[in-house]
Every structure is written in C-alpha cells, then in structure tokens.
Amino acid sequence: MRVSHGIPVQAEAPVALTIGNFDGVHLGHQAMLARLKDAAARLELATCVMIFEPHPREFFAPDKAPTRLTSLREKLELLAAAGVERVQICRFNFDFAKIQAEDFIVRILQHGLAARWILVGDDFRFGARRAGDFYMLKAFSTDLGFDVEEMPGYTVDGLRVSSTAVRQALACDDLDLVQRLLGRPYSISGRVVSGDKLGKKIGFPTANIQLKHNRPPLSGIFAVEVEGDASTFSPSPLQGVASLGLRPTVHEHGLPVLEVHLFDFNREIYGEHVRVHFLLKLRDEEKYPDLASLTKQIGQDVWDAKNFFSTSRPTARIGNKLLRSN
21 MRVSHGIPVQ
31 AEAPVALTIG
41 NFDGVHLGHQ
51 AMLARLKDAA
61 ARLELATCVM
71 IFEPHPREFF
81 APDKAPTRLT
91 SLREKLELLA
101 AAGVERVQIC
111 RFNFDFAKIQ
121 AEDFIVRILQ
131 HGLAARWILV
141 GDDFRFGARR
151 AGDFYMLKAF
161 STDLGFDVEE
171 MPGYTVDGLR
181 VSSTAVRQAL
191 ACDDLDLVQR
201 LLGRPYSISG
211 RVVSGDKLGK
221 KIGFPTANIQ
231 LKHNRPPLSG
241 IFAVEVEGDA
251 STFSPSPLQG
261 VASLGLRPTV
271 HEHGLPVLEV
281 HLFDFNREIY
291 GEHVRVHFLL
301 KLRDEEKYPD
311 LASLTKQIGQ
321 DVWDAKNFFS
331 TSRPTARIGN
341 KLLRSN
C-alpha cells in the first residue's frame with residue numbers, strides 16, 4: 021500500500037476515492053471499503069482513502085476529543101489488510117481548516133487526486149465551517165467529470181455501527197459487542213519497552229507495550245491474545261493476561277501502562293512490535309495493600325484467563341500488509 025502525506029498537488033493517475041477518519045476501521049468502514057473496491061475494479065481505477073491527521077476534533081478541542089480507537093499505524097495496517105492501494109494523509113491544521121468546500125473539490129479532489137468516483141458517508145461534511153456535503157459534490161460532479169455516491173449507515177442487530185458506538189461498548193466493558201461492531205476483537209499495538217521488572221520479581225514477568233496515546237478507551241485486567249513477528253511468536257497468537265491502566269498498587273500517579281504476562285513464554289522481546297487482542301475483561305483495576313496481595317490476585321487472574329481459553333478457543337489474528345511511504 022502506498023502512503024502519501026500532505027495536500028496532493030498534481031495527480032499521477034485517476035482514483036476511486038473515499039474520505040473520512042476511519043477510526044477503528046469498523047464494519048461500517050469495511051462496507052465502504054468493499055464498495056470502493058468494487059467500483060474501482062469496475063472502472064479500472066486505483067483505490068484511494070483520504071484521512072486526516074490529527075482528527076479535526078483533536079485539533080480544535082484536544083481536551084474534549086474522543087479517545088482514539090486506533091493509532092495512525094494501526095489504522096494504516098487495517099486499511100492495507102482491507103486491500104486499499106493508496107492512502108492520502110492530509111495534515112489537519114488551521115490552513116487546512118480554512119479551505120473552502122468548493123476549493124477542496126476543485127483543487128484537491130479534481131487536480132490533486134483526479135478522483136473519478138467518490139464515495140462518502142451519509143453524515144460526511146467537509147470544507148471551512150463544514151459547508152460541503154454530498155449534495156455539493158453532486159452539484160460539481162457533472163462539470164468536473166466524476167461520479168459520487170452516498171453510503172447509508174451500516175447496522176448490526178439494529179445498532180448503527182460507528183466509532184462512537186465502539187467507544188461506548190468499550191466503556192461498558194462489552195467486548196462481545198465491540199467484536200460484533202469491529203468484525204474482530206479490539207486490539208492495541210505497540211513496541212515492547214523496558215519496564216520496572218516488578219512482574220519478574222513477583223513471578224509473573226510481563227512485556228510492557230508502549231502506548232501511542234495516554235487515554236486508551238478501556239482499562240482493567242483482560243484475557244488476551246498477542247501476535248507479532250512469526251519468528252518470535254510461534255505458535256501465534258500467544259495467550260496471556262494483560263493489565264491496562266494506572267497500576268494503583270505500584271504508583272499513586274502516572275500514565276496508563278499496558279503490561280502482558282504471556283503463558284509458557286520466557287523469551288526476551290524488547291523492541292518487538294506486537295498486537296494485543298482484548299478478548300475478555302476479568303476485572304477492574306484495584307489497589308492492594310501490599311505486593312503479596314497483588315501477587316495472589318494475579319495468580320487468580322492467570323487461572324481465570326486459562327480457564328477462559330480452555331473453554332472458548334478464540335481466534336484473533338488479522339493479516340498485515342507492507343506499507344510504502346513517499
């Protein structure tokens with residue numbers, strides 16, 4: 021998959037295009053991508069997705085913006101796995117926010133990307149003051165030589181699938197609903213970094229995964245599956261217990277930490293990039309009076325997670341494709 025940054029200036033070849041934030045790449049997004057691929061194949065065009073970094077709400081109101089479901093890297097991996105050929109990442113800043121909707125259509129969509137077929141969601145808005153919508157695109161389409169279609173909302177069991185719905189399900193610890201909305205278990209990926217090695221001292225060594233954002237959309241103790249490089253994680257995925265949160269027994273104040281204890285695994289994996297799939301919440305974080313009490317509870321968590329895996333046999337793997345940046 022080819023990844024380009026910035027506002028496109030001169031198109032190399034015409035594309036079939038969809039535009040959005042694609043946070044989480046949930047089933048609604050996946051339905052859009054499938055429709056995009058079908059149109060691109062029919063019209064003999066490359067598939068292209070335009071996304072914005074950061075999210076406009078993160079730019080205008082960072083303290084009030086919703087938590088991200090996926091980092092930029094995770095989003096790109098999921099788009100690649102869906103078969104997208106090109107991604108255009110537009111830097112969202114004050115200059116971008118001031119682009120008039122008409123200018124966005126002519127300068128970016130027509131000249132910059134040579135969009136010949138465009139698919140947008142039924143709630144899509146663009147341009148300064150969110151003045152542009154599907155009907156404006158439709159009004160420009162004949163003169164500029166592109167077709168535009170609108171994607172209706174996608175529902176699961178009567179619930180409209182959206183990034184907000186996924187966040188709400190995560191906040192309610194409903195990982196089954198999360199999986200139905202995403203079409204896969206919720207996951208967080210990151211690089212394994214050195215920690216304080218407390219887990220090793222108490223008999224439960226952990227891999228500490230570097231978090232890209234300080235506000236993960238869930239917290240607690242979970243049964244998880246972890247996958248990474250095939251030469252290290254074999255068989256993959258590996259099963260384990262994860263703690264995601266502030267570790268109140270160890271630190272009074274601090275940033276969220278993701279730690280994973282892998283069952284029957286004792287290799288050094290510092291520097292490895294891994295993906296952690298959250299399959300079942302075992303309990304909330306708690307503060308214990310001493311390390312002995314914490315150690316006893318971790319032992320119970322391990323037993324509970326192993327019991328879950330022995331009875332449910334979940335599978336959480338997804339395929340990743342290589343990215344090429346320019």
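The sequence shown begins at 21 in the numbering used here and counts up by one. C-beta: ideal position from N, C-alpha, C; glycine also. Predicted model, so just to flag it, every value in this text is computed and none were measured.
Rounded to a whole number of angstroms, what is the C-alpha to C-alpha distance between LYS341 and ARG200? If you number the sequence shown from 1, residue 341 lands on position 321. If you number the sequence shown from 1, residue 200 lands on position 180. Its pLDDT being 37, under 50, LYS341 is placed unreliably by the model, and the measurement read from it follows with that caveat. The alpha-carbon atoms of LYS341 and ARG200 are separated by roughly 23 Å.
On the DSSP letters alone, give me the boundaries of the alpha helix (DSSP H) that TYR308 sits inside. Position 288 of the sequence shown holds residue 308. Per DSSP, TYR308 belongs to no alpha helix (DSSP H) and is neither H nor E.
To the nearest angstrom, how far is it from the Cα of SER251 to the Cα of GLU170? Here residue 251 refers to the residue found at position 231 when the sequence shown is read from its first residue. Here residue 170 refers to the residue found at position 150 when the sequence shown is read from its first residue. Cα to Cα, SER251 sits roughly 44 Å from GLU170.
Between PHE79 and PHE112, how many whole angstroms is the CB-CB distance? I'm expecting something under 8 Å. Numbered from 1 along the sequence shown, position 59 holds the residue referred to as residue 79. Numbered from 1 along the sequence shown, position 92 holds the residue referred to as residue 112. Their Cβ separation, rounded to whole angstroms, is 5 Å, which keeps PHE79 and PHE112 in contact under 8 Å.
Ignoring anything shorter than 3 residues or poking outside the region 189-260, list the beta strand (DSSP E) runs there in chain order. 206-213, 227-229, 240-247
Closer than 6 Å by C-beta to GLN230: which residues in its own chain qualify, once you throw out the five before and the five after it? Chain order, please. In the sequence shown, the residue the question calls residue 230 occupies position 210. Result list for GLN230: GLY210, ARG211, VAL213, in chain order.
Residues sharing a beta bridge with GLU78, DSSP: Indexing the sequence shown from 1 puts residue 78 at position 58. In the DSSP output, where bridge partners are listed per residue, GLU78 has none listed.
If you reduce the DSSP assignment to three classes, tell me which class MET171 lands in. In the sequence shown, residue 171 corresponds to position 151, counting from 1. It is a strand residue.
Tell me which residues share the same chain as LEU179 and place their Cβ nearer than 7 Å to its Cβ, disregarding the 5 neighbours each side in the sequence. Along the sequence shown, read from residue 1 onward, the residue named residue 179 stands at position 159. Closer than 7 Å at Cβ, skipping near neighbours: ALA185.
Does DSSP put GLN108 in a helix, a strand or coil? On the sequence shown, residue 108 is found 88 positions in, with the first residue counted as 1. If DSSP states are grouped into helix, strand and coil, GLN108 belongs with the strands.
Endpoints, alpha helix (DSSP H) assigned at LEU56: Position 36 of the sequence shown, counted from the first residue, corresponds to residue 56. That run of the alpha helix (DSSP H) goes 47-63.
Please state the DSSP three-state secondary structure of VAL186. Within the sequence shown, the letter at position 166 stands for residue 186. Of the three classes helix, strand and coil, the one that applies to VAL186 here is helix, per DSSP.
Which whole-angstrom value describes the C-beta separation of ARG106 and ARG22, a residue pair presumed to lie in contact below a C-beta threshold of 8 Å? To locate residue 106, count along the sequence shown from 1; it is residue 86. To locate residue 22, count along the sequence shown from 1; it is residue 2. About 5 Å separates the two Cβ atoms, so the contact holds.
Span separating the alpha-carbon of ILE128 from that of ASN41: Here residue 128 is taken as the residue at index 108 of the sequence shown, counted from 1. Here residue 41 is taken as the residue at index 21 of the sequence shown, counted from 1. Between ILE128 and ASN41, the C-alpha separation is close to 17 Å.
DSSP state of MET21, grouped into three classes? The count along the sequence shown starts at 1 and reaches residue 21 at position 1. Three-state DSSP puts MET21 in coil, outside helix and strand.
Option in ARG150, ARG62, GLY103, THR90 with minimal Cα separation from LYS118: Here residue 118 corresponds to residue number 98 of the sequence shown, with the count starting at 1. Nearest of ARG150, ARG62, GLY103, THR90 to LYS118, Cα basis: ARG150.
If we ignore side chains and look at the alpha-carbon of each, how far apart do ALA36 and ARG62 end up? Counting from 1 along the sequence shown, the entry for residue 36 is found at position 16. Counting from 1 along the sequence shown, the entry for residue 62 is found at position 42. Roughly 10 Å between the two C-alpha positions.
Does the distance from the C-beta atom of VAL45 to that of LYS95 stay below 8 Å? Numbered from 1 along the sequence shown, position 25 holds the residue referred to as residue 45. Numbered from 1 along the sequence shown, position 75 holds the residue referred to as residue 95. In this structure, LYS95 lies closer than 8 Å to VAL45 by Cβ.
With H, G and I counted as helix, E and B as strand and the rest as coil, what does DSSP make of GLU94? If you number the sequence shown from 1, residue 94 lands on position 74. In this structure, GLU94 counts as helix in the three-state DSSP scheme.
Cβ-Cβ separation, LEU299 to GLU245 (assumed contact under 8 Å), whole Å: Here residue 245 refers to the residue found at position 225 of the sequence shown. Here residue 299 refers to the residue found at position 279 of the sequence shown. That belief holds up - the Cβ atoms of GLU245 and LEU299 are roughly 6 Å apart, short of 8 Å.
Give the DSSP-derived three-state secondary structure of LEU164 in the structure shown. To locate residue 164, count along the sequence shown from 1; it is residue 144. The answer is helix: DSSP assigns LEU164 an H, G or I state.
Alpha-carbon to alpha-carbon, ASP143 and ALA33: Sequence index remark: in the sequence shown, residue 33 carries index 13 (1-based). Sequence index remark: in the sequence shown, residue 143 carries index 123 (1-based). In a straight line, the C-alpha of ALA33 is about 28 Å away from that of ASP143.
According to DSSP, which residues form a beta bridge with GLY265? For the purposes of this step, residue 265 is taken as residue 245 along the sequence shown, with counting starting at 1. Answer is VAL277, bridged to GLY265.
Unbroken stretches of the beta strand (DSSP E), 3 residues or longer, contained in the region 108-159: 135-141
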